[in-house]
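Everything on this sheet refers to the single structure shown next.
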Amino acid sequence: MFLMIAPVLLFFIVFSYFPMVGVYYAFTRFSFDGGLFGSEFIGMKNFEFLFKSGALWNLTKNTVLYNLAFILIGNALQLVCAILLSELPGKWFRKTTQSVMFLPFFVSFVLVGAFVFNLFNSNNGVVNTVLAQLGLPEYDFYLHTEPWKYIITFFAVWKGLGYGTVIYLAAIMGISDEYHEAAKIDGANIFQRVRYIIVPMLVPTFILLILLSLGGILKGQFDLFYQIVGNNGMLFEATDIIDTYVYRSLAVNFDIGMGTAAGLYQSLFGFVLVLTVNYIIKKVREDYALF
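Positions in the sequence shown are counted from 1; adding 863 to them yields the working numbering.
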């Protein structure tokens, strides 16, 4: 058994723990001449700049709020869709619907970004073309921050809807038919069976998925935001998250110390959040906790 688990342990040691040495970058003013241990050590100054500039607060707020919307709205819709699919008559129709819902999961974010641009650009986008046909003034989406919180949330939920639905549907299919048969004998209708059988039986799955999602709540789906918004500085106030900030720090500004400091803050925040939520769940319902 130890030999079987050795490759997994080796993988995590090499690719997850050895690279953690790079955390030292967060406490340096990195220079390519000095390298990792030859760069000037500046202590907590990178973190001080992030806090004092106000950037960290806005980045954290955007990242957390977007991910909470993705998690809560996404899981709620996935649960509803799974219940509806499980109750649909006709095996072939149900499986076809399930497959069609699953397709967006395989669409790359590059294509999603192309869809969004063709929908909302001010020159020949679909939305502005329709507005022009109706005699209404055009709206330049790429100059206003207000609509993007809804646009980004919609596409994130749309893309993950099919995948999450399949997980919940598998959990529903695992519920014994004896529960439903007993409920029918007692005169329960479909809504009562959903409320008193399906939903309570799905609570452990729901909590587990929420806990797993919270672990990456500060991992703001960089590809989604970058492909939809790109480097449009006009929208950063409402769409900039920690991942996109780290990318610009490393790839555009070459500020490796600042980018590493933001990334370290991101990881520690997520770690503490998972421990806190798991502790609360363990106090309320110990069986549902991860550890």
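Idealized CB from N, CA, C, for every residue including glycine.
With distances taken Cα to Cα, identify the nearest neighbour of residue i among the options.
i            : options                  : result
residue 1006 : 1094, 1119, 964 and 1144 : 1094
residue 1062 : 897, 1050, 1107 and 1042 : 1042
residue 1147 : 1070, 1088 and 1122      : 1070
residue 1016 : 905, 940, 1068 and 1074  : 940
residue 962  : 972, 892, 1028 and 905   : 1028
residue 1119 : 886, 967 and 1150        : 886
residue 1145 : 1074, 1109, 923 and 934  : 1074
residue 968  : 1023, 1045, 1008 and 918 : 1023
residue 931  : 1012, 1152 and 1090      : 1012
residue 1092 : 975, 1056, 1066 and 912  : 975
residue 1020 : 1068, 929 and 977        : 929
residue 1152 : 1018, 1066 and 1026      : 1066
residue 1141 : 1154, 1132 and 1131      : 1154
residue 1018 : 936, 866 and 1037        : 936
To the nearest whole angstrom, what separates the beta carbons of residue i and residue j, a pair I think is in contact under 8 Å?
i            : j            : result
residue 982  : residue 989  : 5 Å
residue 1125 : residue 1112 : 7 Å
residue 946  : residue 1035 : 7 Å
residue 850  : residue 925  : As displayed, the chain neither begins before 864 nor continues past 1154, which places residue 850 out of reach and without an answer.
residue 888  : residue 899  : 7 Å
residue 1025 : residue 965  : 4 Å
residue 909  : residue 1121 : 5 Å
For residue i, count the other beta carbons within 10 Å of its own beta carbon; 16 or more makes it buried, fewer makes it exposed. Which is it?
i            : result
residue 1076 : buried
residue 1129 : buried
residue 955  : exposed
residue 1114 : exposed
residue 942  : buried
residue 891  : buried
residue 1139 : exposed
residue 1084 : buried
Would you kindly report the start and end of the unbroken alpha helix (DSSP H) that includes residue i?
i            : result
residue 864  : Per DSSP, residue 864 belongs to no alpha helix (DSSP H) and is neither H nor E.
residue 971  : Per DSSP, residue 971 belongs to no alpha helix (DSSP H) and is neither H nor E.
residue 957  : 954-965
residue 1066 : 1062-1077
Are any of the Cβ atoms in chain D nearer than 8 Å to that of residue i?
i           : result
residue 981 : The displayed structure is made up of one protein chain only, and chain D is not part of it.
Whole alpha helix (DSSP H) runs in the region 1091-1147 with 4 or more residues, listed along the chain? Qualifying alpha helix (DSSP H) stretches, in chain order: 1099-1102, 1105-1110 and 1119-1147.
Enumerate, from N- to C-terminal direction, the unbroken beta strand (DSSP E) stretches of 3 or more residues contained entirely within the region 984-1054. none
Can you give, in chain order, each stretch of the alpha helix (DSSP H) that sits fully within the region 898-937 and has at least 4 residues? 898-901 and 908-915
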